[in-house]
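Protein chains: 4
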Amino acid sequence: MKTKIGFIGLGNLGTPIARNFIEAGYHLQVYNRTVEKTKELDQDNITVCHSPAEAANGVQFIVTVLSNDTVVTQTTTGEEGILKTLPKGAIHISMSTIAPDTAKHLSQLHEQAGSRYLTSPVFGRPDAAAAKKLWVCLSGAQEIQEAARPLLESTSQGIFNFGEEAGQANVVKLAGNFMIQASMEMMAEAYTLTEKFGIERTAVADFFGSTIFNAPIFKNYGKLIAEHKYEPVGFTSQLGYKDASLVAKLSQESQTPMPLVALIQNRLLTALAKGRSERDWAEAFGKGVSNDAGL
Amino acid sequence: MKTKIGFIGLGNLGTPIARNFIEAGYHLQVYNRTVEKTKELDQDNITVCHSPAEAANGVQFIVTVLSNDTVVTQTTTGEEGILKTLPKGAIHISMSTIAPDTAKHLSQLHEQAGSRYLTSPVFGRPDAAAAKKLWVCLSGAQEIQEAARPLLESTSQGIFNFGEEAGQANVVKLAGNFMIQASMEMMAEAYTLTEKFGIERTAVADFFGSTIFNAPIFKNYGKLIAEHKYEPVGFTSQLGYKDASLVAKLSQESQTPMPLVALIQNRLLTALAKGRSERDWAEAFGKGVSNDAGL
Amino acid sequence: MKTKIGFIGLGNLGTPIARNFIEAGYHLQVYNRTVEKTKELDQDNITVCHSPAEAANGVQFIVTVLSNDTVVTQTTTGEEGILKTLPKGAIHISMSTIAPDTAKHLSQLHEQAGSRYLTSPVFGRPDAAAAKKLWVCLSGAQEIQEAARPLLESTSQGIFNFGEEAGQANVVKLAGNFMIQASMEMMAEAYTLTEKFGIERTAVADFFGSTIFNAPIFKNYGKLIAEHKYEPVGFTSQLGYKDASLVAKLSQESQTPMPLVALIQNRLLTALAKGRSERDWAEAFGKGVSNDAGL
Amino acid sequence: MKTKIGFIGLGNLGTPIARNFIEAGYHLQVYNRTVEKTKELDQDNITVCHSPAEAANGVQFIVTVLSNDTVVTQTTTGEEGILKTLPKGAIHISMSTIAPDTAKHLSQLHEQAGSRYLTSPVFGRPDAAAAKKLWVCLSGAQEIQEAARPLLESTSQGIFNFGEEAGQANVVKLAGNFMIQASMEMMAEAYTLTEKFGIERTAVADFFGSTIFNAPIFKNYGKLIAEHKYEPVGFTSQLGYKDASLVAKLSQESQTPMPLVALIQNRLLTALAKGRSERDWAEAFGKGVSNDAGL
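Chains as they are written, first to last, in the working numbering: chain P, 31 to 325; chain H, 31 to 325; chain E, 31 to 325; chain L, 31 to 325.
If you want it as C-alpha cells, here you go:
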C-alpha cells in the first residue's frame, strides 16, 4: 500500500512537484484553494481535501508550495489549518519563498504542537520542476532533513543543507533571487551598451551565455532580455519587487549595506510606477535600461 | 618548412598563447620588452627579435598581447614599430583589451600602409590559455577573420564574430569585464548577507556555483570572495579600475546610463584610495562590502 | 486666570517649547516619563501629572512632543492615555516626527472620541525652540488649525498649512529630514573633494554657507562636517536611519523611486554596522565619505 | 584719464560684467567673436578690437569670460592670442569655469611670458551680474589677488581667497556646481514624494525655500522644479553634463569616491539620451524624477 502524504498548493510550481511525488509512488491528500486544479493530477493517486487540516490528517509529511508569507501562515495556523490535525512527529515541508522570521515563527508553533517544520525553498522554474531538476535548500534539524530527503529527491537534482535554524534556507533563497535580479540588471546594461555600438544584442547574449557566463540564469534570462521578449509572463515585476523588498529588509536588519539591492528596488519600483506591475520582471530591467538610454 | 609568424608580448597570457602556436607548428619571431622572457619558449622554434619591426618583418601574421592602449599604439606606430616592416596584405592580430577608438585608429593606419588590423581580444585566465581554452572575440573584415581563424583555433575553444568594424570586439570585451565586476559585487553582497545570518560563505558560494550560477565566473571568483582569499594577485584593482573607467567612458559616449558601472567604479576607487591598488580586484569587492558591513 | 493646557514630553525640544508656553501665559498640566525633568520648569505655572490622562483632563489643548510612533500611540491610546480624559472638542497638537499612517490612525481615534488631532511637526533644534524660532508644519481641519495658531505662534517664527489630511504635514517633515541628510552627503562629498586638492574644508564651507547656500542647514551642518566636529551629539545616526527608513517606506508606498534616499540609507547603515549608531548623524556622512576616500 | 583694461567674452554673463567695469570708470578694449555684441555696450567707453591680442595690448588687466577650456586656451595661446601682446607684469583675470589642469597650464605659460594668471570663476546668474552681486572665487599669488581686487569689487558682492595654486578656485567652482545639481536632485525627489501624497509641489518648495533652506539655490531652482517651468532655458543639460563630468574626473584623479556625482551624471545622461540636451538642466532633474515615478 502507498504512503500517504499531504500536499497543498497547485500553482505553476506546485503541480509538477505533486506529479513527481505521485510518480515516485506516493498517494497525495491534496488541498488547493480552487479545487479545479486537482483535476490536473492522476485521480487514482490523490484524495481531494477541502481544507489544509484535512490534507494534513494522519500523514507523516505535509508539503506546502504557496505564494507568500500570509498564505503560508494562514494555511498553517488557521481555523482549519495544518496544525489542527498534523500528527505528532510529522514534518511540514515548506517550499515557499518567505521571510526567515516567518519561518522561525512557524517552526516554533510546530514545536509547541509536537510536529516539525522543515524550511525547503527551491530554485527552478516550472519546466525544471517537471523534469525533476529543482535545487532544494534545506534548513532545520538534521534528523528531519534526513527523513525528508527521499521524498525531496523525487523532484530535484540536488539538495543542500544550510544549517539547523529554520530561517537560514530562506535567506539563501532570497539571496539567490537577488543575484538573479542583479544578473538581469547587468545584462540589460551590457547588451544596451553593445547595441549602441551597433552590435546585435542576441549575438552578445549568445556569446556570454555559452562561454564565461554559461549558466542557466544567463542563458534563459539573457535570451529574454536580448530579444526584449517578455511574454508570456513567467514572474511578475510585482512579485520581483516583493522579493527585492524582503532582501532590503534583511540587509537592514543585519546591517549589511547592499547598494546593488537599492538599485534593483528602484528599477522595479519604476516599472510599478509606470503601470507595469503585472509584466514580466525581466522587462523591468530590459526595458528600464533601454528606456533610460533613449531607445 | 614551418610558417613564420610574429609574436609580441610575453606576459602571463602571452606566454602560454605563444607556446600553443609553437605546438601547432608555427615558427615565432618573438619580441618582448624584457628579453629574458623569451627563454621560457622552445628555442628551436623561435627567433628572438630586438624590435617590433624585426618581429613583423616578412610574416603574414603578427600577434600582439599587450597591456594597454599606449603600449599597443607605440608598438604599432613607433620608430621601430610593426608598421615599418609588416608586408602588404599581412594581418595584425591584436589581442589586448583596449578602447574601441584606439582599435579604429590602428585599423586606419594599417589600411593606409596596405596591411590589415584584426581586433581579437580574448576571455580566459593564464591557465585557460595554457589549456587552449580561450574564447576569442573578433571584429574586422570577413576575409581577415577567415584567414586568422586556423591560427586562433590553436589556442582557443571558440571564436565569435562581432562585425566588420574594428572597435566592436573591444566593446564586447569591455562589456564582459564589466559583467565580471558586477558579478563580484553581487556575490560579495549576497555572501556577506548570508554570513550575517550565520551561514557559511563557502557553503553559499558552492551552492550557487554548482547550481543556477554554475559558470566559471561564479565558481572561480565565488570561491575567492567566499574565502576572502586574495593572494596570489591575479588581476589588480588598478587594472580593474582602468577597465571600469573605459566602460564608463563608453557609457557616456554612447549615452547609455549604466548605474551599475558607477557603483563598481566607486567600489574600486575606494580600494585605490585606501592604498590597495596593487591587490587583487576581487578584494576590492569582497573586502569592500564586508568592511561597510562592519566585518 | 490663566488658560490651562496639557503638555507631554520634556525632551531636548519639548522643554524649551514648554517654557515658551509658560512665558506666553499658559498654565501647563505636565506629564513626563521621568518626573525629574519637570523641575526644570517654573513651578508656579505647572501642575505635575502622573499620567497622560491626568495631563489631558479638562484642557482645550494637549501638546505632545515625543520620540517615535510607538510612544505617541501608547500615550494617546493606552490605559491611562490622553483619550481617556480629553474633553470633547479639545485638540491634540502632535509635534512628533512620525509616519503619516500613524497620524491618520490617531486622527480617526480622536474623531471617534469626539476630540480632534492636529498634526504639527516642527523644524528646528533646541536652541531654535528656546528662541521661539521653530517652523511649524500643520495638517488637519482648517478650524482646528486656526484654533491652535495663537498657541503655536508663541514658540515659532512661522506656521505653514499643508492641507486637511492628518498625514500630510508628516510627509513634509520627513521630506525635510531627507533634504537635510542629502545636504550632509553633498557637503561631505564636496568638502572632501576640495580637501584632496589642498583647499581648507572650513574655507569651502564658510564660502558656500555665506553665499549661494546661505541657509541654516549649510551654515550649521556645514561647519560640523567641515571641522569633523561631531560632539556633542545633537541627533544620532540611529534616529537618522529611522527617519531615512520612514522616507524609504513612503517612497515605496507611493511608487516614487528616490535613488538619493537609498544612498543615504546605506551611508547611515554603514555607520550603524561599524558600531556608531549613537554618534551624531553628521559623522555618518562626514566620516563616511572621508573614510571611503582613504582619509 | 580712464584706466584701460582688456575684456573678452560678451556672453550672457560677460556683458553685464563689462557694463559694471565701464560704470566703475574703466575704458574697455573689447574683443568678442561676433562683433555685433559690442554694440550693447556704451560706445564712448570701449574700443572694439579684432583679436584677443589687440584687446590685451598695453593693458594691466585682461578679463576673459568664456565658455570652456578649449576657447580659453585658444584665446590665450593662439596666433592672435593674449600672450602675444600682454605686457610683462600684467594680469589675466580668467572668470570661466574650466578644469584646474587647464588653469595650471595657462598659469605656467603666463609665467614664462612674464605676465600673470589669476583664476577667478564666479557664482551668479546674469541678473546677479547686472546687480553687481556676483561671488568671486580667487586663486593665485597673493599680490595679484590684491591687485585685481578693486576691479573685481565693481561687479561682485564678495571675493574669496582659495590659495596660491592656479587650479584651486576652479575646484571650488566645480564643487559648487555639483552642489547645485545635487540640490536639484534632492528637491525633485522631495517634491515628487510630497506630490504623490497630495501636497502641492509649490507649497512645499515655498516652505523650504523660506525656512531651513532659504538660500538662493533653493528659492530659484526650487520654484522652477516645483512648477515644472523649464523655459526660458537658463543653462542647458548638455553644459550641466559637462560640468558633472569634470567633477567626476576630479573625483577620480583625487581618489574621492562621490556616489552622488554618479547619480547626477546618470540623471543628466538620461536627459541627453532622450534628446533633451538643449533643454534647461533643471528639467533633467525635475522631469527625470517625475518620469521614473510614472507622472
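The beta-carbon is built from N, C-alpha and C at its ideal position, and this holds for glycine as well.
For residue i, which of the options has the nearest alpha-carbon?
i: residue 193(P); options: 167(P), 214(P) and 289(P); result: 167(P)
i: residue 229(L); options: 245(E), 254(E), 221(E) and 191(E); result: 191(E)
i: residue 304(L); options: 295(P), 323(P), 305(P) and 294(P); result: 323(P)
i: residue 273(L); options: 261(L), 295(L) and 258(L); result: 295(L)
i: residue 138(H); options: 159(H), 126(H), 311(H) and 107(H); result: 107(H)
i: residue 68(E); options: 91(E), 284(E) and 39(E); result: 39(E)
i: residue 141(H); options: 291(H), 152(H) and 119(H); result: 119(H)
i: residue 299(H); options: 321(E), 282(E) and 283(E); result: 321(E)
i: residue 171(L); options: 196(L), 205(L), 185(L) and 223(L); result: 196(L)
i: residue 97(P); options: 66(P), 254(P) and 41(P); result: 41(P)
i: residue 173(P); options: 155(P), 164(P), 93(P) and 146(P); result: 146(P)
i: residue 203(P); options: 61(P), 169(P), 187(P) and 236(P); result: 169(P)
i: residue 187(L); options: 260(L), 162(L), 198(L) and 209(L); result: 162(L)
i: residue 209(H); options: 49(P), 223(P) and 198(P); result: 223(P)
Please classify residue i as buried or exposed, where buried requires at least 16 other C-beta atoms within 10 Å of its C-beta.
i: residue 74(H); result: exposed
i: residue 63(E); result: exposed
i: residue 207(H); result: buried
i: residue 176(L); result: exposed
i: residue 100(L); result: exposed
i: residue 318(E); result: buried
i: residue 72(H); result: exposed
i: residue 130(P); result: buried
i: residue 151(P); result: buried
Residue j and residue i - do their beta-carbons sit closer together than 9 Å?
i: residue 148(L); j: residue 123(L); result: yes
i: residue 293(H); j: residue 289(P); result: yes
i: residue 43(E); j: residue 51(E); result: no
i: residue 244(H); j: residue 128(H); result: no
i: residue 264(P); j: residue 252(P); result: no
i: residue 297(E); j: residue 278(E); result: no
i: residue 311(L); j: residue 276(L); result: no
i: residue 248(E); j: residue 284(L); result: no
i: residue 93(L); j: residue 125(L); result: yes
i: residue 54(P); j: residue 181(P); result: yes
i: residue 115(E); j: residue 86(E); result: yes
i: residue 132(H); j: residue 102(H); result: yes
i: residue 35(P); j: residue 246(H); result: no
i: residue 221(P); j: residue 256(P); result: yes
i: residue 307(H); j: residue 271(H); result: yes
i: residue 33(H); j: residue 60(H); result: no
i: residue 291(H); j: residue 225(P); result: no
With DSSP as the reference, label residue i as helix, strand or coil.
i: residue 78(H); result: strand
i: residue 211(L); result: helix
i: residue 36(P); result: strand
i: residue 277(P); result: helix
i: residue 224(P); result: helix
i: residue 127(P); result: coil
i: residue 300(E); result: helix
i: residue 266(P); result: strand
i: residue 325(L); result: coil
i: residue 61(E); result: strand
i: residue 260(P); result: coil
Would the beta-carbon of residue i be found less than 8 Å away from any heavy atom of the ligand HEM?
i: residue 51(E); result: No copy of the ligand HEM appears in this structure; indeed no ligand is present at all.
What ranges does the beta strand (DSSP E) occupy inside the segment 131-196 of chain L, keeping only unbroken runs of at least 3 residues that lie completely in it?
Whole beta strand (DSSP E) segments, 3+ residues: 146-149, 164-168 and 186-191.
Every unbroken alpha helix (DSSP H) within the segment 63-123 of chain L, with a cutoff of 4 residues, ordered by chain:
Within the segment 63-123 of chain L, the complete alpha helix (DSSP H) segments at least 4 residues long are 82-86 and 99-107, listed from N- to C-terminus.
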